[in-house]
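Notes follow once the structure below has been shown.
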Amino acid sequence: MENNLEGTGERKLQCDDVSKCFQLLESILDGNESADSQEVLKSKLAKCQPCFEHYHLEQAIKEVLRTKCTKHEVPSQLVENIRQKIEEIK
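The working numbering applies: residue 72 is where the sequence shown begins, and numbers increase by one.
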């Protein structure tokens with residue numbers, strides 16, 4: 072079975088340069104993108120299954136972190152009570 076099936080519209084099963092590709096994908100996901108890198112990404116995702124999977128996994132992780140790991144305001148009375156308890160323990 073051939074790994075590079077670009078002519079048939081299928082993605083290849085192995086990446087030719089995993090390290091370089093993953094750096095590009097993570098850079099774009101971090102917002103460090105240019106028009107050229109966006110085009111390279113679009114082409115890579117269309118042709119390379121490992122890059123496609125890594126991109127979507129990283130994108131999902133970043134979305135979970137962005138939505139679930141946010142700062143929530145704490146009532147000032149709660150903060151004061153915690154500080155007071157800490158002082159009492161010292």
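Just so it is clear, CB atoms sit at the ideal spot from N, CA and C, and this is done for glycine as well.
Quick check: the Cα distance between residue i and residue j, rounded to an integer number of angstroms?
i, j, result
"Asn152", "Pro146", "10 angstroms"
"Met72", "Thr138", "Here Met72 scores only 31 on pLDDT, less than 50, and its place in the model should not be relied on; the value that follows carries that caveat. About 42 angstroms."
"Gly110", "Glu104", "For the record, residue 110 in the displayed sequence is Glu; it is not Gly. Whole-angstrom Cα-Cα distance: 10 angstroms."
"Lys133", "Arg154", "33 angstroms"
Could you check which residue in the options has the C-alpha nearest to that of residue i?
i, options, result
"Leu136", "Leu100, Arg154, Lys118, Glu81", "Leu100"
"Gln94", "Arg82, Ser108, Ile132", "Ser108"
"Glu97", "Lys156, His143, Leu112, Cys140", "Leu112"
"Leu116", "Gln85, His143, Ser105", "Gln85"
"Val114", "Glu144, His143, Gly102, Lys83", "In the sequence as presented, Val is not what sits at residue 114; that position holds Ser. Residue Lys83 is the option with its Cα nearest to Ser114."
Using DSSP with H/G/I as helix, E/B as strand and the rest coil, what is residue i?
i, result
"Cys122", "helix"
"Lys139", "helix"
"Lys115", "helix"
"Lys83", "strand"
"Ser105", "coil"
Less than 8 angstroms between CB atoms is the rule here; does residue i satisfy it with respect to chain B?
i, result
"Arg154", "Included in the structure is just one protein chain, with no chain B present."
Skipping 5 residues on each side, what residues in its chain have a beta carbon closer than 7 angstroms to that of residue i?
i, result
"Cys140", "none"
Using a Cβ distance threshold of 8 angstroms, determine whether the stretch 84–93 contacts the stretch 120–129, with at least three qualifying pairs required. Yes, they touch.
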